[in-house]
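Asks: Take any residue in the sequence shown, count from 1 to its spot, add 289: that is its number in my numbering.
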Amino acid sequence: MDANFTAVPILDYSLALSPSTKPLFIEQLRNAAINVGFLYLSNTPVDGNLTEELINFIPKTFGLPQEEKEKIRMRNSPHFLGYSKFGAELTKGKVDMREQFDIATKHECRWKEGDPDYKRLWGPSQVYTYLECCLQQLTLYSGFRSTLEQYLEQVHALADSFVTVLSEAIGLGPDGLSKFYDTPELMQHRSKIVQYPVVNERSPSNQGVGPHYDAGFVTILLQASPHEGLQVQNLRGEWIDAKPIPGTFVFATQGIVRATSHRVLSPPLGSTSPRYSVPFFHNIGLDVLPSQILALRDKRGQIADTDSVNFSEFGTEPYGYVNLVGRVKSHPDVAEQHYHNLFKRYFPEGLPEHGSAY
């Protein structure tokens, strides 16, 4: 396998759980992480029935009246958690044809006056409060909060376990990446529930989300509908399909090994339903310097440029600040409401029509 891959490899996670087969899994993971940066993972410990329950709730959630979704719009939250309407963001100058709910694992904000702004980045999700207060009377949504919380807990546990095996695969030992994390009570990990509507004659493009890298350390993606659309880019610049495979998650290894440019295309004209997905972003500690991670990556050699770029702050500032800047650029209405100095710095002419991180 080389960096000009033509397919995304499929790995069986059950091999990692047996001493007799773990060396084979580690070899396969090393090749996938270094040469591709993306992989499918099958036979994970995440409950398949729970995943199906979550998938069944997703269309109902986006089917809520617009005024209901707007009650938890992201602008309400200094933690950038909540609802974003269709077409709110740009990537590389084009509108991303999606709407989404940003959610996160449980966390109480520890920011206090005088702390860096990025300490406010992590905090409670609006979605949980809304589910508790506003939807509990609706039979259609009975059990949604419990399903969502359990799903995030199980995917979080999978991510924690995967990182230790990934650390072994790149020669650092099982605890080699632990220095990039705080203690569990100080950590928060992010997720989204995303809808990519079908393209129509008036759509400006088929860009669900344009070429980018993820902000998290490891991304675990549930492709929650049978639609194609996810593509990853090899070093020849070719876009390789990562089609949905039932019973798998798509993993992206970010930063520490190889961050691979990827994008999503919206369902084409004539499709009968939207594409749904649930990415989970496994963060590193807010105070960690990404330059330390990039140094480990660069020991394995440089790679060619792709259609995606990282923030210029990525090599010099703490992860929390880099992440906050990305959120501010993507969601200027939240910055206008909660981060006045950063809003003035990046948007001196006032609130733009769209956010654009890249």
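No residue lacks a Cβ here, since even glycine has one placed at the ideal position from N, Cα and C. This one's a predicted model, so the numbers in the text were calculated from it and none came from an experiment.
1. What's the call for E397, buried or exposed, on a 16-neighbour Cβ count within 10 Å?
2. When we look at the beta-carbon of I459 and count the other beta-carbons within 10 Å, is it buried (16 or more) or exposed?
3. Could you name the residues of the same chain whose beta carbon sits closer than 8 angstroms to that of I529, not counting the 5 residues immediately before and after it, in chain order?
4. With the cut-off set at 7 angstroms, would you say F569 and S480 are in Cβ contact?
5. How far does the beta strand (DSSP E) with R552 in it reach, from first residue to last?
6. With S366 and E388 assumed to form a contact (beta carbons below 8 angstroms), what rounded beta-carbon distance in angstroms separates them?
7. Report the residue from I344, L306 and G499 whose alpha carbon sits nearest the alpha carbon of R552.
8. If I'm right that Y502 touches A548 with Cβ under 8 angstroms, what's the distance once you round it to whole angstroms?
9. Using only the alpha-carbon positions, how far apart do V598 and H629 sit?
10. Which of the three DSSP states, helix, strand or coil, is assigned to K618?
11. Check for me: the alpha helix (DSSP H) holding F433 runs from which residue to which?
12. For G590, is the classification buried or exposed, using 16 other Cβ atoms within 10 angstroms of its Cβ as the cut-off for buried?
13. Could you tell me whether the Cβ atoms of E378 and S619 are closer together than 7 angstroms?
14. What is the DSSP secondary structure of E230, counted as helix, strand or coil?
15. My assumption, with CB atoms under 8 angstroms, is that L300 sits in contact with L343. Please give the rounded CB distance.
16. Take S467 as the anchor and find which of H478, Q477 and V452 has the nearest alpha-carbon.
17. Between P463 and E638, what straight-line distance do the alpha-carbon atoms span, to the nearest angstrom?
18. If you draw a straight line from the alpha carbon of E457 to that of F538, how long is it in whole angstroms?
19. Assuming F327 and F540 make a contact with CB atoms under 8 angstroms, what is their CB distance in whole Å?
20. Is it right to say P557 is buried, meaning 16 or more other beta carbons lie within 10 angstroms of its own, or is it exposed?
21. What is the residue span of the beta strand (DSSP E) that T537 lies within?
22. Do R525 and F369 have their C-beta atoms within less than 7 angstroms of each other?
23. Consult DSSP for L306 and reduce its assignment to one of helix, strand or coil.
24. By Cβ distance, which residues of its chain are closer than 6 angstroms to M290, with the 5 residues on each side in sequence left out?
25. Find out if the Cβ-Cβ distance for the pair Q484, P563 is shorter than 7 angstroms.
26. Report buried or exposed for A624, applying the criterion of at least 16 other Cβ atoms within 10 angstroms of its Cβ.
27. Can you tell me the Cα-Cα spacing of L510 and V567, whole angstroms?
28. Determine, using beta-carbon pairs with one atom in the region 606-614 and one in the region 396-411, whether at least three such pairs fall under 8 angstroms.
29. Mark N572 as exposed unless 16 or more other C-beta atoms lie within 10 angstroms of its C-beta, in which case mark it buried.
30. F390 and T436 look like a contact to me (Cβ under 8 angstroms); what is the Cβ gap, rounded to whole Å?
31. Give the single residue among K532, R634 and S303 whose Cα lies nearest to the Cα of E517.
32. Below 7 angstroms between beta carbons: does that hold for I361 and I482?
33. Closest to Q415 by CA distance: which of I392, E474 and L475 is it?
34. What residues are listed by DSSP as bridge partners for D663?
Replies: The relevant details are as follows:
1. Within the sequence shown, residue 397 is the residue found at index 108, counting from 1. Answer is exposed; the Cβ neighbour count stays below 16.
2. Locating residue 459 in the sequence shown gives position 170, where the first residue counts as 1. Result: buried.
3. Numbered from 1 along the sequence shown, position 240 holds the residue referred to as residue 529. Cβ neighbours of I529 beyond the five flanking positions: F294, T295, A296, V297, Q520, V521, Q522 and N523.
4. Taking the sequence shown and counting its residues from 1, the one referred to as residue 569 is at position 280. Taking the sequence shown and counting its residues from 1, the one referred to as residue 480 is at position 191. In contact: F569 and S480 (Cβ atoms closer than 7 angstroms).
5. As a position in the sequence shown, residue 552 is number 263, starting the count at 1. Segment H551 to L554, the beta strand (DSSP E) holding R552.
6. As a first step, residue 366 must be located in the sequence shown, where it is residue number 77. As a first step, residue 388 must be located in the sequence shown, where it is residue number 99. Wrong, their Cβ atoms sit about 16 angstroms apart, outside the cutoff.
7. Position 263 of the sequence shown, counting from 1, holds the residue named residue 552. Selected option, being the one with the closest Cα: G499.
8. Counting from 1 along the sequence shown, the entry for residue 502 is found at position 213. Counting from 1 along the sequence shown, the entry for residue 548 is found at position 259. Yes, Y502 and A548 are in contact; Cβ-Cβ is about 5 angstroms, under 8 angstroms.
9. Walking along the sequence shown from the start, residue 598 turns up at place 309. Walking along the sequence shown from the start, residue 629 turns up at place 340. Low confidence applies here, because V598 scores a pLDDT of 48, under 50, leaving its location unreliable and the question unanswered by this model.
10. Walking along the sequence shown from the start, residue 618 turns up at place 329. If DSSP states are grouped into helix, strand and coil, K618 belongs with the helices.
11. Position 144 of the sequence shown, counting from 1, holds the residue named residue 433. First-last of the alpha helix (DSSP H) with F433: F433 to A458.
12. As a position in the sequence shown, residue 590 is number 301, starting the count at 1. Here the model assigns G590 a pLDDT of 49, short of 50, so the residue's position is not dependable, and the following value carries that caveat. Burial call: exposed.
13. Numbered from 1 along the sequence shown, position 89 holds the residue referred to as residue 378. Numbered from 1 along the sequence shown, position 330 holds the residue referred to as residue 619. Going by C-beta atoms, E378 is nearer than 7 angstroms to S619.
14. As displayed, the chain neither begins before 290 nor continues past 647, which places residue 230 out of reach and without an answer.
15. Position 11 of the sequence shown, counted from the first residue, corresponds to residue 300. Position 54 of the sequence shown, counted from the first residue, corresponds to residue 343. About 23 angstroms separates the two Cβ atoms, so there is no contact after all.
16. What you label residue 467 is simply residue 178 of the sequence shown in a count that begins at 1. Measuring from the Cα of S467, the nearest candidate turns out to be V452.
17. Taking the sequence shown and counting its residues from 1, one reaches residue 463 at position 174. Taking the sequence shown and counting its residues from 1, one reaches residue 638 at position 349. Each residue's alpha carbon lies about 49 angstroms from the other.
18. Stepping through the sequence shown from its first residue, residue 457 is reached at position 168. Stepping through the sequence shown from its first residue, residue 538 is reached at position 249. Whole-angstrom Cα-Cα distance: 21 angstroms.
19. Here residue 327 refers to the residue found at position 38 when the sequence shown is read from its first residue. Here residue 540 refers to the residue found at position 251 when the sequence shown is read from its first residue. Confirmed, about 7 angstroms.
20. Along the sequence shown, read from residue 1 onward, the residue named residue 557 stands at position 268. Looking at its Cβ environment, which holds fewer than 16 other Cβ atoms inside 10 Å, P557 is exposed.
21. The sequence position of residue 537 within the sequence shown is 248, counting from 1. Start and end: T537 to T542.
22. Taking the first residue of the sequence shown as position 1, residue 525 is located at position 236. Taking the first residue of the sequence shown as position 1, residue 369 is located at position 80. Going by C-beta atoms, R525 is not nearer than 7 angstroms to F369.
23. Numbered from 1 along the sequence shown, position 17 holds the residue referred to as residue 306. The answer is helix: DSSP assigns L306 an H, G or I state.
24. By 1-based counting over the sequence shown, the position of residue 290 is 1. The predicted model places M290 with a pLDDT of 45, which falls under 50 and marks its position as unreliable; any figure quoted below should be read in that light. Taken in chain order, the residues that qualify are N320 and N324.
25. The residue labelled residue 484 in the question sits at position 195 within the sequence shown. The residue labelled residue 563 in the question sits at position 274 within the sequence shown. Going by C-beta atoms, Q484 is nearer than 7 angstroms to P563.
26. Position 335 of the sequence shown, counted from the first residue, corresponds to residue 624. By the 10 Å Cβ count, A624 comes out buried.
27. Within the sequence shown, numbered from 1, the residue matching residue 510 stands at position 221. Within the sequence shown, numbered from 1, the residue matching residue 567 stands at position 278. Each residue's Cα considered, the two are about 6 angstroms apart.
28. yes
29. Start at 1 with the first residue of the sequence shown, and residue 572 comes out as number 283. Its Cβ being crowded by 16 or more others within 10 Å, N572 is buried.
30. For the purposes of this step, residue 390 is identified with residue 101 of the sequence shown, where counting begins at 1. For the purposes of this step, residue 436 is identified with residue 147 of the sequence shown, where counting begins at 1. So it is not a contact: roughly 14 angstroms between Cβ atoms.
31. As a first step, residue 517 must be located in the sequence shown, where it is residue number 228. Checking every option, the nearest Cα to that of E517 belongs to K532.
32. Locating residue 361 in the sequence shown gives position 72, where the first residue counts as 1. Locating residue 482 in the sequence shown gives position 193, where the first residue counts as 1. Contact flag unset, no.
33. Position 126 of the sequence shown, counting from 1, holds the residue named residue 415. Ranking I392, E474 and L475 by Cα distance to Q415 puts I392 first.
34. Here the chain has residues from 290 to 647 only, and residue 663 is not among them.
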